[in-house]
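Trainee: Starting off with a structure, shown below.
Residue numbers (our numbering), protein chains in the order written: chain Y, 16 to 224; chain F, 6 to 195.
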């Protein structure tokens, strides 16, 4: 297992061929931003790999992270509740973005998982026969909308989604399996090596450099 | 110092950013180490200004009081550094160089966030080398250690200093010539 920070340091060592200097421009925060893209690229690779190997497109469990304690507020429409996701879900093929949504009350009691709606179903589900005693949900950008006649404001959301983990905490574990680390390393190395290789004007001044 | 020990840094025209930092080369570092004291504190006012310390020649390293880095900001990139959403200025401080001292960002005047201080390692101006003497009864100057200031460097560098000093007055003395002379003495005798 590797934390985000140790993975970033590993990349920096490779890019600088040494420890980065104190005034280095390729900073930890910058690499952390690229890391989010790289996790998406690795998840996509895993999705297509699985399709080729198993004939079924899915993202392996190793990529999933559960986020809990998401506050729920009244949504824009009647019987709609919304919560903000830690990140915009990956846009992989037949994937609803958020794999599992549950509700937790103040005593820690957890509901059954809600039923996800695909992007097409969001358009016509109100014309369908309701599923008794089930809460429906769909994600849109960084928001997750839950559709229910129950008051959900008093609960918090618990979601399971494809994510590399908590991008705001550099000491968090990077939720990517080792066999997909090379995909991320190659992706980030290409971006940052390109940045490093940019020519800098050193003999002239007064021009943008 | 540069005349005697050599030019440690080269600069890009118009940019106060050296191509090679002091810390890069261990030999240069070793030579300069007598002129680099342990970290000392800088007091920063609400406009972010901190005066240059006594005998200041060149920044070696700059840290916050919790040993996080403080970067040098080239003046023509200051706006970009101040408005960088990836490395927010409040958690990624820096400084520019002005005639009155270092101007640190962030500061209370700029955005209300004040750095509590900074730690600096810097190259100091060496004390002037002075050969003090007192005249003897015939008026000849006799060296006296009181009031004299020697070279601050290590012996191996002192030799370099002497060689360069002699070069400046027109005497060419180099190791290769000394060795050649020594070889000649060994082979031919005096």
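Just so it is clear, CB atoms sit at the ideal spot from N, CA and C, and this is done for glycine as well.
1) Quick check: residue 99 of chain F and residue 75 of chain F, are their CB atoms within less than 9 Å of each other?
2) Within 8 Å, do at least three Cβ pairs link the segment 158–168 of chain Y to the segment 85–102 of chain Y?
3) Please list the terminal residues of the continuous alpha helix (DSSP H) segment that includes residue 33 of chain F.
4) At the level of alpha carbons, what is the spacing between residue 222 of chain Y and residue 39 of chain F?
5) Taking C-alpha atoms, which residue in F:72, F:88, F:163 lies nearest to residue 120 of chain F?
6) What would DSSP say about residue 192 of chain F, mapped onto helix, strand or coil?
7) List, in chain order, every chain F residue whose beta-carbon is nearer than 7 Å to that of residue 38 of chain Y.
8) Does any residue of chain F bring its CB to less than 9 Å from the CB of residue 207 of chain Y?
9) Closest Cβ-Cβ distance between residue 125 of chain F and chain A: below 9 Å?
10) Using a cut-off of 8 Å between C-beta atoms, extract the partners of residue 92 of chain F located in chain Y.
11) Does any residue of chain F have a CB that is nearer than 9 Å to the CB of residue 48 of chain Y?
12) Compare the Cα-Cα distances from residue 27 of chain Y to each of Y:145, Y:78, Y:39, Y:117 and report the closest residue.
13) Thinking C-beta only, is residue 52 of chain F closer than 9 Å to residue 114 of chain F?
14) If you draw a straight line from the C-alpha of residue 219 of chain Y to the C-alpha of residue 103 of chain F, how long is it?
15) Listing by chain order, which chain Y residues have their CB less than 7 Å from the CB of residue 66 of chain F?
16) On the DSSP letters alone, give me the boundaries of the beta strand (DSSP E) that residue 125 of chain F sits inside.
17) Distance check for residue 31 of chain F and residue 197 of chain F, CA to CA, integer angstroms please.
18) Quick one: does residue 97 of chain F have its CB under 9 Å from some CB of chain Y?
19) Cutting at 7 Å between CB atoms, please list the residues of its own chain near residue 105 of chain F, excluding the five before and the five after it.
20) Within the continuous alpha helix (DSSP H) that includes residue 197 of chain Y, where are the two ends?
21) For my contact list, residue 49 of chain F and residue 48 of chain Y are in at a C-beta cut-off of 8 Å; report their separation, rounded to the angstrom.
22) Pairing CB atoms from the segment 114–127 of chain Y with CB atoms from the segment 182–200 of chain Y, are three or more of them under 8 Å?
23) When you compare only the Cα positions, how much space is there between residue 224 of chain Y and residue 181 of chain F?
24) Less than 9 Å separating the beta-carbons of residue 87 of chain Y and residue 20 of chain Y?
25) Are the beta-carbon atoms belonging to residue 41 of chain F and residue 123 of chain F less than 9 Å from one another?
26) According to DSSP, is residue 129 of chain Y part of a helix, a strand, or is it coil?
27) Might you give, ordered along the chain, the residues of its own chain that have their beta carbon closer than 6 Å to the beta carbon of residue 34 of chain Y, omitting 5 neighbours on each side?
28) Using 8 Å as the cut-off, classify the Cβ of residue 66 of chain Y as near or not near the heavy atoms of the ligand PLP, replying yes or no.
29) Is residue 145 of chain F helix, strand or coil when you go by DSSP?
30) Report back the beta-carbon spacing between residue 141 of chain F and residue 36 of chain F to the nearest angstrom; my notes put them in contact at under 8 Å.
31) Write down the C-beta distance between residue 104 of chain Y and residue 176 of chain Y rounded to the nearest angstrom, noting that I regard them as a contact closer than 8 Å.
32) Taking its Cβ as the centre, do 16 or more other Cβ atoms sit within 10 Å of residue 92 of chain Y, making it buried, or is it exposed?
33) Just mark residue 159 of chain F as buried or exposed, buried being the case when its beta carbon has 16 or more other beta carbons within 10 Å.
34) For residue 77 of chain Y, I'd like the list of residues in its chain whose CB is within less than 6 Å of its CB, leaving aside the five on either flank, ordered along the chain.
35) Does residue 145 of chain F pass the burial test, meaning 16 or more other C-beta atoms within 10 Å, or should it be called exposed?
Mentor: In this structure, then:
1) Residue 99 of chain F sits at position 94 when you count from the first residue of the second chain. Residue 75 of chain F sits at position 70 when you count from the first residue of the second chain. Yes. Within cutoff.
2) yes
3) Walking along the second chain from the start, residue 33 of chain F turns up at place 28. Counting along the chain, the alpha helix (DSSP H) containing residue 33 of chain F begins and ends at 31–37.
4) Taking the first chain and counting its residues from 1, the one referred to as residue 222 of chain Y is at position 207. Taking the second chain and counting its residues from 1, the one referred to as residue 39 of chain F is at position 34. Note that residue 222 of chain Y has pLDDT 43, beneath the 50 cutoff, so the model's placement of it is unreliable and no number is given.
5) Locating residue 120 of chain F in the second chain gives position 115, where the first residue counts as 1. Considering only alpha carbons, the answer is F:72.
6) On the second chain, residue 192 of chain F is found 187 positions in, with the first residue counted as 1. Three-state DSSP puts residue 192 of chain F in a helix.
7) Taking the first residue of the first chain as 1, we reach residue 38 of chain Y at position 23. Correct list: 76, 77.
8) Indexing the first chain from 1 puts residue 207 of chain Y at position 192. So, not an interface residue.
9) Of the protein chains in the structure, Y and F, none is chain A.
10) For this step, residue 92 of chain F is matched to residue 87 along the second chain. Those within 8 Å of residue 92 of chain F in chain Y are 42, 44, 45.
11) Within the first chain, numbered from 1, the residue matching residue 48 of chain Y stands at position 33. Yes, residue 48 of chain Y counts as interfacial toward chain F.
12) Within the first chain, residue 27 of chain Y is the residue found at index 12, counting from 1. Checked all of Y:145, Y:78, Y:39, Y:117; the closest Cα to residue 27 of chain Y is Y:39.
13) Within the second chain, numbered from 1, the residue matching residue 114 of chain F stands at position 109. Within the second chain, numbered from 1, the residue matching residue 52 of chain F stands at position 47. Going by C-beta atoms, residue 114 of chain F is nearer than 9 Å to residue 52 of chain F.
14) As a first step, residue 219 of chain Y is located in the first chain; it is residue number 204 there, counting from the start. As a first step, residue 103 of chain F is located in the second chain; it is residue number 98 there, counting from the start. At residue 219 of chain Y, the pLDDT of 46 sits below 50, so the modelled position is not reliable; the number obtained from the coordinates is stated separately. Rounded to the nearest angstrom, the two C-alpha atoms are 22 Å apart.
15) As a first step, residue 66 of chain F is located in the second chain; it is residue number 61 there, counting from the start. By Cβ distance, chain Y contributes 37.
16) In the second chain, the residue the question calls residue 125 of chain F occupies position 120. Residues 123–129.
17) Because chain F is modelled from 6 through 195, residue 197 of chain F falls outside the range shown and cannot be assessed.
18) Against the second chain, residue 97 of chain F aligns to sequence position 92. Interface residue, yes.
19) Position 100 of the second chain, counting from 1, holds the residue named residue 105 of chain F. 54, 56.
20) For the purposes of this step, residue 197 of chain Y is taken as the residue at position 182 of the first chain. Counting along the chain, the alpha helix (DSSP H) containing residue 197 of chain Y begins and ends at 196–212.
21) In the second chain, counting from the first residue as 1, residue 49 of chain F sits at position 44. In the first chain, counting from the first residue as 1, residue 48 of chain Y sits at position 33. Not quite, the Cβ-Cβ distance comes to about 30 Å (not below 8 Å), so this is no contact.
22) no
23) Taking the first residue of the first chain as 1, we reach residue 224 of chain Y at position 209. Taking the first residue of the second chain as 1, we reach residue 181 of chain F at position 176. For residue 224 of chain Y, the predicted structure reports a pLDDT of 38, less than 50, and the residue's modelled location is therefore unreliable. A value from the coordinates is still provided. Answer to the nearest angstrom: the Cα atoms are 44 Å apart.
24) Translated into the one-based positions of the first chain, residue 87 of chain Y becomes position 72. Translated into the one-based positions of the first chain, residue 20 of chain Y becomes position 5. The answer is no: Cβ separation not under 9 Å.
25) Position 36 of the second chain, counted from the start, is the residue given in the question as residue 41 of chain F. Position 118 of the second chain, counted from the start, is the residue given in the question as residue 123 of chain F. Cβ distance not < 9 Å, so residue 41 of chain F and residue 123 of chain F don't count as in contact.
26) Here residue 129 of chain Y corresponds to residue number 114 of the first chain, with the count starting at 1. Correct three-state label for residue 129 of chain Y: coil.
27) As a position in the first chain, residue 34 of chain Y is number 19, starting the count at 1. Correct list: empty, nothing qualifies.
28) What this structure holds is no ligand at all, so the ligand PLP is not there to describe.
29) Reading the second chain from its first residue, position 140 is the one you call residue 145 of chain F. The answer is coil: DSSP assigns residue 145 of chain F none of H, G, I, E or B.
30) Here residue 141 of chain F refers to the residue found at position 136 of the second chain. Here residue 36 of chain F refers to the residue found at position 31 of the second chain. Actually they do not touch by this definition, with Cβ atoms about 37 Å apart.
31) Mapped onto the first chain, residue 104 of chain Y falls at position 89. Mapped onto the first chain, residue 176 of chain Y falls at position 161. Yes, they are in contact, since the Cβ atoms of residue 104 of chain Y and residue 176 of chain Y sit about 5 Å apart, within 8 Å.
32) Indexing the first chain from 1 puts residue 92 of chain Y at position 77. Its Cβ having fewer than 16 others within 10 Å, residue 92 of chain Y is exposed.
33) Residue mapping note: residue 159 of chain F aligns to position 154 of the second chain, counting from 1. Burial call: exposed.
34) Walking along the first chain from the start, residue 77 of chain Y turns up at place 62. Closer than 6 Å at the Cβ level, and outside the excluded window around residue 77 of chain Y, lie 192.
35) In the second chain, counting from the first residue as 1, residue 145 of chain F sits at position 140. It counts as exposed.
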